[in-house]
Each structure stands twice: as C-alpha cells, then as structure tokens.
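Residue 1 is where the sequence shown starts when you use the UniProt record's numbering, and the numbers rise one by one after that. Encoded as structure tokens, the structure appears first; notes follow it.
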Amino acid sequence: MLIGLALLCWTGGAHAVDVVEIRWGFDGRVLRHRFNVLSLLVNNPRAEAFDGELVLHKLLGPGQRVDAAVVEDVFVAPFGERWVQFFPYVGGDWAGEEWELEIRPAKGRRGPVVTINPPRMGWPARVLIETSTTPVRRTLPIRRLPDVLFPPFVTATDGLQAVLLDAAPRWDEPRRQAFLDWLYLGGTVYVLHTADGSYPEFPAALGLLNTPLEELAYGAGRVIRVPRSRFELSTASLTKLFSALPKRFVVKTTGFGEQQTLEASAVDLEADTDPASRTFSADGADPWRASSFLTRLRGMTRPRHNWVVLHLLFWTYLALLFPGCYVLGRRWADYRLVYLAMLLAVAVFSLLFGYVGQRGYGESTKVHSVAIARFLPDGAVDVSQWSNAFVTQGGVYELRHSGTGALYSTCTLAEAVNGVIRNGAEARFEVDIPPFSSREFAHRVRVQAARPQFNVARCETDGDQLRALTIHVDERFPRNSEPVVVLYGHRFYALDRGNRELTLGAALGTATDYLRMRENLNFGSAFNPWFQPPDRPAIELFREMFTPLMARSLSVSHWSDAEVLRLPSHVVRLFYFDQLPRELAVSSLRTGKNEGWVLYVADLPAKAAPP
C-alpha cells in the first residue's frame, strides 16, 4: 500500500506545472467589490503534456476556504508555457482575505497548492500596452501591460481607466471587441508616436484609432493623439496628460497617527498609499457593494407561516411526550410500547412540522434579481447583475445566463460554498443548495438584448449645465418607467415624459447633493433590511434600489467619488428602470421564475442629431 501511495504521489507531481509569474489587475492592483483580473504564467518543465485543472480558492485566514472555487481547464504542451487568466471577485474588506491555487494534474483529482500573494487595492489602472515589437525601456513613469494579458471580455475591464498605445496590439477578435466595448463605455486611449516620430497604423478592426483628429469621441470614451513617444514621457507630462481624467484620492497617516484623505498625483505609485477607504471611512461602509443588493434580494423571500397551527402542533407534541408518555408508562408495564409511542410521535410531528413550515414559503422556487445594463453600440448590453435563488427542493443547481464573457461569484466574505464556478466560455455556476434555502450570487455578462432607440432632437448647454434637452424614443421604451434621469457633467436632471419623447425637467442637483442625499435617506432605514417594515410589496423594494444602482454604475462609493464625478462634455447619460427581460433571466429549468428590475444606462451625444 505504501508503494502504491508513493507511486500515486510521484505520478501527480510528474504532471504538475510551475507558476513562474503572478500578476494582479492591470497594474498590480485591484478594485474593491469588483471582478478583477488575475494572470498566471504557468510552465511545464516536463516531457509530458499537462492536461488538468487550475483551481482558485479564496481564504479567510489560514486554510479556511470561503466562496466557491473557480476552475479553469488548462493544457500546456511539453516544455511549454502559457498565460492563464482568472477573474475573481475581490471584496477587500478584510485584511485576512487570501488566495491559493490548487494544481490538479487530472480533472477532479486533488493536487499541490500554491500560495497566491494577496492583491493590493488601487484605482482604475492607467497603463501602457506593450507588444513584442515595441522598444523596451526599463524605467518608465507608468506601468506596462503586455498585450496578451488584455482580457477577452469587457466584463473583466472594470479595473481599467486609460491606456497608452504606440504600436498595434497583437489581439485576437475577442480581445479587440473587449477593447472597443471598454472604450465605448468610457475608457480613454492615448495614441503616442512610435520611435520614428510617426503615429502607428492600426488594423481595420481598430480603425477608429487611426483618426486624424486630435480627439475623437466614441460613446462615453475618447481617443486622444499625443505627439510624443514613450521615451519623452515624464511624471510632469503624464500628470498634465491625465488631468482630464477623474481625480484619485489616497489615505495617508500623519506622524500623530491621524489619517488624511489627499489628492494623489496622476502617477502616484508609492508603496504606502492606498485609495481613499471605501470600507472603514468617516462615511461608514460602502453602501453600494454587492452584499447590500444581495441582502435586500434575500429579504424578498419571506415565509408566511400559519403560526396558530404551528403553536397548536408544538404544544400538542409536548403534551404527548409529557405527561402523555408518562401516563402510558403507568398504565402499561411494557416499556417497549412507551418507546414505540414516543418514536411514532416524533416521526408524525416531524412530518407535520415540515409540511406546515414548507407551506409558509408557498412551495415556490424563484429567483429575484436587480441589474445594471449599459448600452453597447451593436445592440448588446454590458450587464452587472445580483440575484437570490430560493429553492424548495435541495440539490446541485447549474446556473447559467445567455451571452458571452460571463463571470460569477457569491461575493461572500466568510461563508464556505459547496460549488464550482467556471467563467468565460461556457460559463456556469454549479452549486449545492439545501431545500428551502437561498443562494445569493452576482454575475457580469455581455448579452444581446432588445432595447429602445434614442434620438437626441435638441440639446442646449451652458458651460456644465443643461438648458434644453429633447429625446425621441420608440415604442420599445417602457411606458411606466419612473423615474427617468439624465446626468450631464456633474449635475442630475429629471426628464418629463411625453408622446414618444423625453424633455428636460427639474434640476436634481449636483452628483454630490443628489447621491449623498439619497444615501443618507436610504441607507440608515429604507435600504437597511433590518429596518424593513414587514410584507412590503416587492415593487417598492425594487424601486428603492434605483439610486443605489445608479451610484454603483458610476462607481460612487465614497464622498470623494461624488465630488470628482464628471462626465465628458460630449455625453449625456440617461438612466431608466424597467422589468427584467428574458435575455437577462437565469437559464435553468429548475430555478423557477426569475423576477427583477434593471437599471438601463445609455450614453447619448450631447448634441442634436442631424435631421
């Protein structure tokens, strides 16, 4: 037996791979409460191919695994190496959040474990895209990202803000599409000179980067030409270049132990700086993190038990056990009859308690969801969605959604989940859910969905304020969508509904006033499930999430985020609420009906369309 065990261990080790490089995010840092990129360079130093699995585990403290495992099927040729990317959800609320990688030489078989250094928290990254054809310079005042590490899904680009390009990246079609989607949603691209002083030529799929204009608007994003090469970059020039991007704030500790929130320089990469705390700040916890939405959704499934019947059963059960069994024992000398009567009482009342308790949940399996859907130019939407699946029959459930680039997580910080997540192509979440219980989860996906068409018929601005706005909509715009809001620059405005048109209504104030006002009203009571009045209609609970979802879509989780929020002047951002369409529903036959609401976000041009 010892020989067999030794042979098994030797065989497993012979097919293992080595992790030679670990890269978090786009610049070595990640965002709290977001899906992030983890890139691993794995090497196979052996003459046999590796065809197995890499399994990523989240840990809370030494050896305590939490959340569901994330699995990637990996093949590495003999003596070969390749990059493998995971897209985990990082909470970042606890210093004890750690990660480890299990290397399984065969699917389903346990293998060696490698410790993954925990990530550092940061801002959305600003990086220079590096290709094998671009000249290498060891010291640059900006982080560099190899082009092969750009993710193939737009759903994994939340941690990226701006990129610099001085050569055409070597991207396949999924990465080119992810890049263009990221740009349309608000990314900024700076096109630099090549080493010979000319601008690079990009392939037709990236043709908009060949624009002769100094600045080109694409959706909410921008392409900016910079007449200098990477060798001419300096801290001062980058600070000026990035001045139009959202400001960054860091928390620094003074010599007296006090913390100060200060604006960071555009290229502040000091090791002792950290983004302004979104978790333990003067404003309290981040109100719009995933757990806030998931907790609200879980509260929508509330049992309505028949407490009169339950109490009657309870007291009857106690009476049968005592003095019932005692009286029976006094009348019948055979103790076996007493034990038999006791066992029968326990069995019968267990069934009765179970039946009455199950009736309290209506015996209905269903999913409640809320989502943010941002419009993309080809009829697709970029979705961030939170769901709570309540089931009446226990078992392993396979949760899937239509679309591409799906990423899943339970977003839990302390609960071990008996489940497996496979992201990307053929993404799914397989999880064991006990009977009459819930499983919360979040996911991101890019999906084709029916949506209304918008036409800006009139738009007048005065500096950073809207003076007039008329938007024509078609019959697919929801008739009862309330409220409808637009953001221009730093200010929110209500829109009034007409006959297939939306017109500018009342000013709602700056982002600081509007979002902070709603936060103060909602978080302490209405948005806190502990203070929810019982039996409130689900539609009320859904509608109260309109502004929190809006803040989440704008990445506002701290007062400093609202202070510096500025949309580019060429964009008017429209927000409206509608019921969850079938394209966004979970595609599982066992989870019942998927009910929910979606915050739709459309970036429209801040100018009237030509007649």
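All C-beta atoms in this analysis are idealised placements derived from N, C-alpha and C, irrespective of residue type, glycine included.
(message) Mapping the DSSP letters down to three states, classify residue 173 as helix, strand or coil.
(response) Taking the first residue of the sequence shown as 1, we reach residue 173 at position 173. Correct three-state label for residue 173: helix.
(request) To the nearest angstrom, report how far apart residue 549 and residue 315 are at their CA atoms. (result) As a position in the sequence shown, residue 549 is number 549, starting the count at 1. As a position in the sequence shown, residue 315 is number 315, starting the count at 1. Spanning the two alpha carbons is a distance of roughly 47 Å.
(message) If you measure between the beta carbons of residue 215 and residue 224, is that distance less than 7 Å?
(response) Walking along the sequence shown from the start, residue 215 turns up at place 215. Walking along the sequence shown from the start, residue 224 turns up at place 224. Going by C-beta atoms, residue 215 is nearer than 7 Å to residue 224.
(request) Name the two residues that bound the continuous alpha helix (DSSP H) containing residue 115. (result) What you label residue 115 is simply residue 115 of the sequence shown in a count that begins at 1. First-last for residue 115: 113-116, but that is the beta strand (DSSP E), not the alpha helix (DSSP H).
(message) Quick check on the DSSP output: the alpha helix (DSSP H) that includes residue 612 runs from which residue to which?
(response) With the chain represented from 1 up to 611, any question about residue 612 goes unanswered, as that position is not in the structure.
(request) Just confirm the distance between the C-beta atoms of residue 345 and residue 321, as a whole number of angstroms; I'd bet it's less than 8 Å. (result) Residue mapping note: residue 345 aligns to position 345 of the sequence shown, counting from 1. Residue mapping note: residue 321 aligns to position 321 of the sequence shown, counting from 1. Contact holds; Cβ gap of about 7 Å.
(message) In whole angstroms, give me the CA-to-CA distance for residue 572 and residue 466.
(response) As a working note, residue 572 is residue 572 in the sequence shown. As a working note, residue 466 is residue 466 in the sequence shown. About 9 Å.
(request) With distances taken Cα to Cα, identify the nearest neighbour of residue 478 among 35, 498, 105 and 339. (result) Position 478 of the sequence shown, counted from the first residue, corresponds to residue 478. Among 35, 498, 105 and 339, the Cα nearest to that of residue 478 belongs to 498.
(request) Determine the direct distance from the alpha carbon of residue 570 to that of residue 455, and round the result to whole angstroms. (result) Within the sequence shown, numbered from 1, the residue matching residue 455 stands at position 455. Within the sequence shown, numbered from 1, the residue matching residue 570 stands at position 570. Taking the straight line from one Cα to the other gives about 15 Å.
(request) Take the Cβ of residue 171 as the centre, count every other Cβ of all protein chains shown within 10 Å, and call the residue buried at 16 or more, exposed below. (result) Within the sequence shown, the letter at position 171 stands for residue 171. Label assigned to residue 171: buried.
(request) Please list, in chain order, all residues of the same chain as residue 246 whose beta carbon is under 6 Å from its beta carbon, the five residues on each side excluded. (result) One-based indexing of the sequence shown puts residue 246 at position 246. The residues are 564.
(message) Counting beta carbon pairs with one atom in the region 374-393 and one in the region 175-193, are three or more of them shorter than 8 Å?
(response) yes
(request) Tell me where the alpha helix (DSSP H) around residue 546 begins and ends. (result) Along the sequence shown, one-based indexing puts residue 546 at 546. Counting along the chain, the alpha helix (DSSP H) containing residue 546 begins and ends at 546-553.
(request) Evaluate contact between the region 112-128 and the region 75-85, counting only Cβ atoms and requiring at least three cross-stretch pairs below 8 Å. (result) no
(request) Using alpha carbons as the reference points, say which of 536, 158, 176 and 160 lies closest to residue 207. (result) Working through the sequence shown from its first residue, we reach residue 207 at position 207. Ranking 536, 158, 176 and 160 by Cα distance to residue 207 puts 176 first.
(request) Keeping to the same chain, check which residues put their C-beta closer than 6 Å to that of residue 269; ignore five residues upstream and five downstream. (result) By 1-based counting over the sequence shown, the position of residue 269 is 269. Low per-residue confidence applies at residue 269: pLDDT is 44, beneath 50, and the placement is therefore not dependable, though the value from the model is reported in the following sentence. So the list is empty, once near-sequence residues are dropped.
(request) Tell me where the beta strand (DSSP E) around residue 492 begins and ends. (result) Position 492 of the sequence shown, counted from the first residue, corresponds to residue 492. Where residue 492 is concerned, the enclosing beta strand (DSSP E) stretches over 491-497.
(message) Can you tell me where the alpha helix (DSSP H) holding residue 235 begins and where it ends?
(response) Locating residue 235 in the sequence shown gives position 235, counting from the first residue. Segment 235-241, the alpha helix (DSSP H) holding residue 235.
(request) Specify the secondary structure class of residue 388 as computed by DSSP and reduced to three states. (result) Looking up residue 388 in the sequence shown gives position 388. Here residue 388 sits in strand by DSSP.
(request) Take the Cβ of residue 309 as the centre, count every other Cβ of all protein chains shown within 10 Å, and call the residue buried at 16 or more, exposed below. (result) As a working mapping, residue 309 is identified with position 309 in the sequence shown. The residue in question, residue 309, is exposed, as its Cβ has fewer than 16 Cβ neighbours within 10 Å.
(message) Quick check: the region 389-399 against the region 33-47, are at least 3 beta-carbon pairs closer than 8 Å?
(response) no
(request) Give me the Cα-Cα distance between residue 98 and residue 415, rounded to the nearest whole angstrom. (result) Sequence index remark: in the sequence shown, residue 98 carries index 98 (1-based). Sequence index remark: in the sequence shown, residue 415 carries index 415 (1-based). C-alpha separation (whole angstroms): 14 Å.
(request) Check whether the Cβ atoms of residue 405 and residue 153 sit closer than 7 Å, and answer yes or no. (result) Along the sequence shown, read from residue 1 onward, the residue named residue 405 stands at position 405. Along the sequence shown, read from residue 1 onward, the residue named residue 153 stands at position 153. Yes, the Cβ-Cβ distance between residue 405 and residue 153 is below 7 Å.
(request) Tell me whether residue 565 sits in a helix, a strand or coil according to DSSP, three-state version. (result) Counted from its first residue, the sequence shown places residue 565 at position 565. Of the three classes helix, strand and coil, the one that applies to residue 565 here is coil, per DSSP.
(message) Quick check: what's the CA-CA separation for residue 582 versus residue 101?
(response) Residue 582 sits at position 582 when you count from the first residue of the sequence shown. Residue 101 sits at position 101 when you count from the first residue of the sequence shown. One C-alpha to the other measures close to 36 Å.
(message) If distances are taken between C-alpha atoms only, which option among 332, 537 and 116 comes closest to residue 62?
(response) Residue 62 sits at position 62 when you count from the first residue of the sequence shown. The shortest C-alpha separation from residue 62 is found at 116.
(message) Between the alpha carbons of residue 81 and residue 48, how many angstroms are there, rounded?
(response) Along the sequence shown, one-based indexing puts residue 81 at 81. Along the sequence shown, one-based indexing puts residue 48 at 48. Each residue's alpha carbon lies about 13 Å from the other.
(request) Answer with buried or exposed for residue 517, where buried requires no fewer than 16 other C-beta atoms within 10 angstroms of its C-beta. (result) On the sequence shown, residue 517 is found 517 positions in, with the first residue counted as 1. Here residue 517 scores only 48 on pLDDT, less than 50, and its place in the model should not be relied on; the value that follows carries that caveat. Per the 10 Å Cβ criterion, exposed.
(request) Enumerate in chain order the residues of its own chain whose CB-to-CB distance from residue 476 is below 6 Å, with the five nearest sequence positions on each side excluded. (result) Along the sequence shown, read from residue 1 onward, the residue named residue 476 stands at position 476. Closer than 6 Å at the Cβ level, and outside the excluded window around residue 476, lie 452.
(message) If you follow the beta strand (DSSP E) that residue 232 is in, where does it begin and where does it stop?
(response) Numbered from its first residue, the sequence shown carries residue 232 at position 232. Per DSSP, residue 232 belongs to no beta strand (DSSP E) and is neither H nor E.
(request) May I ask you to list the residues that DSSP assigns as paired with residue 468? (result) Taking the first residue of the sequence shown as position 1, residue 468 is located at position 468. Its beta-bridge partners are 460.
(message) Does the structure place the region 22-35 close enough to the region 156-171 that three or more beta carbon pairs sit under 8 Å?
(response) yes
(message) Within a Cβ cutoff of 6 Å, which residues of the same chain sit near residue 472, ignoring the five residues on either side of it in sequence?
(response) Taking the first residue of the sequence shown as position 1, residue 472 is located at position 472. Counting only Cβ-Cβ distances below 6 Å, and skipping sequence neighbours, we find 455, 457 and 501.
(message) Could you tell me the alpha carbon to alpha carbon distance between residue 481 and residue 191, rounded to whole angstroms?
(response) Residue mapping note: residue 481 aligns to position 481 of the sequence shown, counting from 1. Residue mapping note: residue 191 aligns to position 191 of the sequence shown, counting from 1. Distance between the alpha carbons of residue 481 and residue 191: 41 Å.
(request) Go through its chain and collect everything with a Cβ distance to residue 546's Cβ below 6 Å, but skip five positions before and after it. (result) Reading the sequence shown from its first residue, position 546 is the one you call residue 546. Hits under 6 Å: 577.
(request) State the DSSP-derived secondary structure class of residue 428, mapped to helix, strand or coil. (result) The residue you call residue 428 lines up with position 428 of the sequence shown. If DSSP states are grouped into helix, strand and coil, residue 428 belongs with the strands.
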